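Participant:
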Amino acid sequence: MKATPSYSLIELEVNDRLGKKVRVKCAPNDLVGDFKKLVAAQIGTEPSKIVLKKWYKEFKDHITLDDYELHDGMNLELYYR
Numbered sequence: 023m024k025a026t027p028s029y030s031l032i033e034l035e036v037n038d039r040l041g042k043k044v045r046v047k048c049a050p051n052d053l054v055g056d057f058k059k060l061v062a063a064q065i066g067t068e069p070s071k072i073v074l075k076k077w078y079k080e081f082k083d084h085i086t087l088d089d090y091e092l093h094d095g096m097n098l099e100l101y102y103r
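In the working numbering, the protein residues as written are 23 to 103.
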């Protein structure tokens, strides 16, 4: 018998407005820092150079996506340090 996780994956879209638009699957209880690592792996840059924002609110690495109320299909703004 297979154990099912207690959460479902969500898909967030990250856009840097310079032509890079990436869709990333993650868990709602992932930390923003872990999510940045997934984004960095897809776009080929370092996670420390990524800044994620939504309406001028910069997301902190130690807080979960669920705490920021990020849900399936939402868009985030991607900036570079």
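Beta carbons: idealized from backbone N, C-alpha and C, even for Gly.
These numbers come from a predicted model, not from an experiment.
Ignoring anything shorter than 4 residues or poking outside the stretch 29-87, list the alpha helix (DSSP H) runs there in chain order.
Facilitator: Qualifying alpha helix (DSSP H) stretches, in chain order: 54-65.
Participant: For LYS47, which option in ARG103, LEU87 and TYR102 has the closest C-alpha, if you only look at C-alpha atoms?
Facilitator: Within the sequence shown, the letter at position 25 stands for residue 47. Of the listed residues, the one whose Cα sits closest to LYS47 is LEU87.
Participant: Per DSSP, what are the beta-bridge partners of LEU98 in this structure?
Facilitator: Here residue 98 is taken as the residue at index 76 of the sequence shown, counted from 1. Answer is VAL36.
Participant: When you compare the CB positions of LYS33 and LYS43, do they come within less than 8 Å of one another, or not?
Facilitator: In the sequence shown, residue 33 corresponds to position 11, counting from 1. In the sequence shown, residue 43 corresponds to position 21, counting from 1. The amino acid occupying residue 33 in the given sequence is Glu; Lys does not appear at that position. Contact flag unset, no.
Participant: Check each candidate in ASN51, GLU68, ARG103 and SER30 and name the one with the smallest Cα separation from LYS75.
Facilitator: As a first step, residue 75 must be located in the sequence shown, where it is residue number 53. Measuring from the Cα of LYS75, the nearest candidate turns out to be ARG103.
Participant: Could you tell me the alpha carbon to alpha carbon distance between LEU31 and GLY66, rounded to whole angstroms?
Facilitator: By one-based count along the sequence shown, residue 31 stands at place 9. By one-based count along the sequence shown, residue 66 stands at place 44. Going by the C-alpha atoms only, they are around 23 Å apart.
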